[in-house]
Every structure is written in structure tokens, then in C-alpha cells.
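Mapping of the sequence shown onto full-length UniProt numbering: position 173 corresponds to residue 173, and the numbering continues sequentially without gaps. Single-structure report; data block below.
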Amino acid sequence: PFWLKPVPPKPSWHKQRPSSHPWTMDALTAVRPNGEGIDVDLADVRTLSQLRSRLSAALGQSPACLRCLAGGKEVTGSPDDDLDASAFPDGIVTVVLSKPWLEPGFYHLDDCAAFNYDSDVDGGEDEIEIIEGGTAKRELLHRRSWLDGGGNSGADVRHSTGEGTWELVDDKLNVTWTRPARHKGRQPSGLSVTEDGALMYPCSYRKRYYKYSRTRKMKEAGSG
1 PFWLKPVPPK PSWHKQRPSS HPWTMDALTA VRPNGEGIDV DLADVRTLSQ LRSRLSAALG
61 QSPACLRCLA GGKEVTGSPD DDLDASAFPD GIVTVVLSKP WLEPGFYHLD DCAAFNYDSD
121 VDGGEDEIEI IEGGTAKREL LHRRSWLDGG GNSGADVRHS TGEGTWELVD DKLNVTWTRP
181 ARHKGRQPSG LSVTEDGALM YPCSYRKRYY KYSRTRKMKE AGSG
């Protein structure tokens with residue numbers, strides 16, 4: 001593993017983090033097993049997701065393959081929650097390389113043809129939220145255009161949501177949708193976690209894979 005130890009205090013002119021913020025570390029040194037040290041600047045790092053991204057850039061490894069350990073325990077939580085200095089009692093973090101790791105958060109697909117076989121569906125967005133603790137949510141937007149037998153035409157956007165539970169087995173994400181989103185075709189499950197932290201869904205109907213990329217929220221304006 002890579003061992004991280006605190007860097008000596010910065011000079012007085014160094015910009016310090018606001019005292020009201022629980023995360024007070026400004027920098028760490030990543031020490032490789034061969035003894036090589038790499039300074040890791042923690043400026044503007046406030047969340048677990050940001051810490052993992054900063055360590056990833058410094059060590060040249062995918063965030064999906066990094067696990068952070070402190071005080072003998074894995075540092076977990078929502079990727080957008082503020083880091084708490086109390087989670088690092090000895091000021092040292094161990095970064096372990098592992099298999100692709102599923103990070104809680106939002107995963108976005110902008111090609112809804114994977115799940116919608118209606119001829120009037122022109123496109124849309126599909127978003128899966130993986131929630132720590134084993135629950136999952138889904139939001140789906142369909143952009144449709146139509147033409148009826150009387151020559152009337154139009155367009156609209158349909159909105160559907162779903163809920164379920166998830167389980168990660170090795171690098172396979174299995175989702176059981178207890179309340180499926182409304183659409184034709186299969187509900188997404190059996191997704192693979194890739195090295196860059198995305199999800200790949202094998203669509204048997206289209207005979208291809210569809211990639212859910214990490215994102216923060218639905219791109220479609222006005223969704224919620």
C-alpha cells in the first residue's frame with residue numbers, strides 16, 4: 001500500500017482552511033513502498049470524493065481502484081459529505097489498490113435506446129443513484145415525437161422514477177428494482193464496474209454495452 005503522512009506545517013503566509021471547517025489537513029505525503037515520497041496538496045479538498053480524486057492524480061491510479069484506510073478502518077460515507085478530521089486519528093491514511101470500487105452517487109446515461117424500443121422515443125436520459133446502505137433510485141426522461149392517423153403531430157417529455165436495492169458481487173452490480181421505472185424493455189441490472197468507476201450495462205436486445213458515467217445530477221433542465 002501507499003502510506004500517507006502529514007507534511008510539516010506551511011509558513012504563516014500559507015493560506016489556511018477556515019477554522020470552522022472540520023477538515024484541517026492542508027497536505028499529505030504519499031510514500032510508495034520503495035521509499036519515494038510524493039507531496040499531495042489538499043487545497044480545496046473537502047469531501048471524500050475530492051480526496052480520492054487528488055490521491056488518484058498524485059499516484060497515477062484510477063479512483064475506482066483506491067481504498068482509503070485510517071485508524072485501521074476504511075474511510076466511507078457519501079462522496080459529497082465534508083471530511084471530518086476525527087476520522088484520521090493518527091493523521092495517517094493508507095491507500096490500498098484494489099479491484100474497481102463502486103462509489104455511491106449518480107450514474108448517467110444519455111442514450112435511452114438501450115431500454116426503450118418504442119418508435120416514437122427519440123432519446124432521453126437515464127440516471128441511477130447508488131445510495132450507501134444498499135438502496136438505489138432511478139430517474140428516466142423520454143423525449144418523444146409522434147404523428148397520429150389524423151395527421152396531427154407533437155412532442156413531449158415523459159418522466160418516470162424507480163426504486164430498488166443493490167448488491168455488489170466482485171465487480172458486478174446487481175440491482176433489484178422493487179418499483180421499476182415505466183418503460184418497455186429490461187430494467188438495468190447486472191452492470192459491470194469499470195476501472196474508471198463507471199457502470200457498463202450489457203443490453204441483450206441491442207447486443208452492445210451502454211455506459212453510465214459518474215455525474216452529480218440529471219443534465220435535463222428542470223428535472224427533479
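We treat Cβ as the ideally placed atom computed from N, Cα and C, and that holds for glycine. As the structure is a prediction and not an experimental result, all values here were calculated from the model.
Hey, how far is the Cα of residue 73 from the Cα of residue 67?
10 Å
What separation, rounded to the nearest whole angstrom, lies between the Cα atoms of residue 212 and residue 158?
20 Å
Three or more C-beta pairs under 8 Å: does that hold for the region 170-177 against the region 145-160?
no
So what does DSSP say about residue 56, is it helix, strand or coil?
helix
Rounded to whole angstroms, what is the Cα-Cα separation between residue 195 and residue 103?
12 Å
Can you find a heavy atom of the ligand MG that lies under 8 Å from the Cβ of residue 189?
Because no ligand of any kind appears in the structure shown, any question about the ligand MG cannot be addressed here.
Under the rule that 16 or more other beta-carbon atoms within 10 Å means buried, what is residue 190, buried or exposed?
exposed
In angstroms with no decimal places, state the Cα-to-Cα distance between residue 43 and residue 154.
51 Å
Give me whichever residues DSSP pairs with residue 195 in a beta bridge.
None; residue 195 has no bridge partner.
Contact belief for residue 124 with residue 141 at Cβ below 8 Å, rounded distance in angstroms
5 Å
Go through the region 99-167 residue by residue and report every complete run of the alpha helix (DSSP H) that reaches 4 residues or more, in order.
none
Through-space distance from residue 181 to residue 207, alpha-carbon basis:
22 Å
Cα separation between residue 51 and residue 45?
6 Å
Tell me which same chain residues have a C-beta within less than 6 Å of the C-beta of residue 177, skipping the five on either side of it?
162, 164, 187
Can you give the beta carbon distance from residue 53 to residue 80, rounded, assuming they're within the 8 Å contact cut?
Contact flag wrong, Cβ pair sits at about 13 Å.
Integer-rounded CB distance, given that residue 86 should sit under 8 Å from residue 122:
Actually they are not in contact, since the Cβ atoms of residue 122 and residue 86 sit about 51 Å apart, beyond 8 Å.
Which partner residues of residue 202 appear in the DSSP bridge assignment?
209
Give the straight-line distance between the Cα atoms of residue 108 and residue 198, rounded to the nearest whole angstrom.
9 Å
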